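Shown next, in structure tokens, is the structure this report addresses.
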Amino acid sequence: IADRIGRIRCMQIAAVLFTVSAVGSALPFALWDLAMWRVIGGFAIGMASVIGPAYIAEVSPPAYRGRLGSFQQAAIVIGIAVSQLVNWGLLNAAGGDQRGELMGLEAWQVMLGVMVIPAVLYGLLSFAIPESPRFLISVGKRERAKKILEEVEGRDVDFDARVTEIEHAMHSEEKSSFKDLLGGSFFFRPIVWIGIGLSVFQQFVGINVAFYYSSTLWQSVGVDPTDSFFYSFTTSIINIIGTVIAMIFVDRVGRKPLALIGSVGMVIGLALEAWAFSFDLVDGKLPATQGWVALIAAHVFVLFFALSWGVVVWVFLGEMFPNRIRAAALGVAASAQWIANWAITASFPSLADWNLSGTYVIYTIFAALSIPFVL
44 IADRIGRIRC MQIAAVLFTV SAVGSALPFA LWDLAMWRVI GGFAIGMASV
94 IGPAYIAEVS PPAYRGRLGS FQQAAIVIGI AVSQLVNWGL LNAAGGDQRG
144 ELMGLEAWQV MLGVMVIPAV LYGLLSFAIP ESPRFLISVG KRERAKKILE
194 EVEGRDVDFD ARVTEIEHAM HSEEKSSFKD LLGGSFFFRP IVWIGIGLSV
244 FQQFVGINVA FYYSSTLWQS VGVDPTDSFF YSFTTSIINI IGTVIAMIFV
294 DRVGRKPLAL IGSVGMVIGL ALEAWAFSFD LVDGKLPATQ GWVALIAAHV
344 FVLFFALSWG VVVWVFLGEM FPNRIRAAAL GVAASAQWIA NWAITASFPS
394 LADWNLSGTY VIYTIFAALS IPFVL
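Residue numbers (the numbering used here): 44 to 418.
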């Protein structure tokens with residue numbers, strides 16, 4: 044779709060789907076239509092997560108592409124922190140009951156309904172940014188592409204040469220097609236499998252368990268519910284700090300070294316969590332030492348993820364694919380990422396009931412395997 048109607052139009056369609064999902068989720072008739080509205084939101088997330096890195100890679104000046112690409116993850120982590128604060132505020136306003144009345148609705152409905160605010164903002168802001176120069180050139184709008192390049196890269200650039208360079212790259216390649224992803228010994232081209240691997244490893248270390256189940260996890264080891272919300276928020280702050288670190292160093296240190304540093308740090312943090320959770324609860328709580336180790340290790344894990352894999356995967360995906368397969372390859376990689384996300388989050392409750400420490404051993408193994416994958 045992005046190659047046919049443009050990157051901006053694709054964002055606007057996603058914004059409409061986000062808005063419809065928010066309104067429908069807040070006012071469902073039954074469980075079946077709530078699920079339907081959430082699925083519609085899922086389509087919007089899929090579109091936005093694909094078009095974001097592709098657009099950034101095509102619009103950014105080469106010297107700043109890595110740093111600007113990291114804004115994708117920065118937006119995600121800030122969004123997580125803000126959503127946690129909003130939900131916490133709404134829950135308190137409803138007397139701590141998710142089904143408590145709030146503005147004539149139950150609190151959980153308002154929590155879902157407020158998504159309409161960022162959805163509308165996303166749509167409105169899409170009108171304020173330029174279309175991808177590469178897309179404009181592909182549909183014959185050469186002069187408009189030159190003006191956008193001037194806006195983005197400044198006046199000290201030979202824009203005729205830049206446009207010619209983009210045109211030459213496009214003409215030297217075959218027309219983009221999903222079939223171009225196929226090849227090699229295992230269905231997809233090797234470069235596509237690398238993108239899939241990056242996406243899967245990013246999720247299989249269990250990062251979203253740290254956010255989706257944060258409060259539940261801390262309460263399961265004896266932390267007071269109020270404190271568990273506080274720890275969830277501090278985790279989000281650490282996530283933001285790590286992302287800022289990555290934005291500073293992604294172009295200076297490089298993508299690969301940053302990913303390796305993050306993998307080593309995640310192994311340490313996850314291994315310590317696995318060790319702490321291996322102890323039996325005493326009066327419904329972890330022993331004091333293990334409780335503090337688990338808390339600190341969780342923040343260490345999130346910090347090293349945020350300063351590495353949280354950012355560099357998006358940068359890698361935005362840069363690694365040839366232009367002619369970028370949109371389709373990003374779609375496959377993003378699909379793999381969301382499937383892996385679902386697999387981890389859906390399996391965590393059952394795995395935690397089986398053995399919480401063993402679950403974190405599994406995540407530690409995947410973090411360790413990411414090291415040779417990057418090498």
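C-beta: ideal position from N, C-alpha, C; glycine also. Just so it is clear, the structure is predicted and the values come from calculations on it, not from any experiment.
Between the segment 235–247 and the segment 319–331 there are fewer than three C-beta pairs closer than 8 Å, too few to call the two in contact.
Distance from the CA of Ile-121 to the CA of Gln-115, rounded to the nearest whole angstrom, comes to 10 Å. Boundaries of the alpha helix (DSSP H) around Ser-181: 176–181. It is roughly 24 Å from the alpha-carbon of Ile-99 to the alpha-carbon of Pro-233.
The Cβ neighbour count for Leu-74, taken over all protein chains shown within 10 Å, is under 16; the residue is labelled exposed. In this structure, Ile-172 sits away from Val-206, with a CB-CB distance that is not shorter than 8 Å. Between Arg-108 and Glu-362 the beta-carbon gap is near 7 Å, inside 8 Å, which marks them as a contact.
Per the Cβ contact rule, the segment 146–161 is in contact with the segment 129–137 (3 or more Cβ pairs under 8 Å).
The alpha-carbon of Val-125 is positioned some 12 Å away from that of Thr-277.
A distance below 7 Å between beta-carbons, with the five flanking residues on each side excluded, links Val-235 to the following residues of its chain, in chain order: Leu-224, Ala-372, Val-375. Per the coordinates, the alpha-carbon of Pro-392 lies some 20 Å from the alpha-carbon of Gly-334. Shown here for Ala-69: same chain residues with a beta carbon closer than 6 Å to its own, the five before and five after excluded, namely Gln-152, Leu-155, Gly-156 in chain order. Under the three-pair Cβ rule at 8 Å, the segment 396–407 does not count as touching the segment 285–299. Ranked by Cα distance from Gly-166, the options Thr-259, Leu-315, Thr-286, Ile-56 are led by Ile-56. Shown here, Phe-344 sits in a helix according to DSSP, grouped into three states. If you check the CB distance, Ala-204 and Phe-61 do not come in under 8 Å. Classified as buried, Asp-46 has 16 or more neighbouring CB atoms from the shown chains inside 10 Å of its CB. In this structure, DSSP gives Leu-225 an extended state, which the three-state scheme calls strand.
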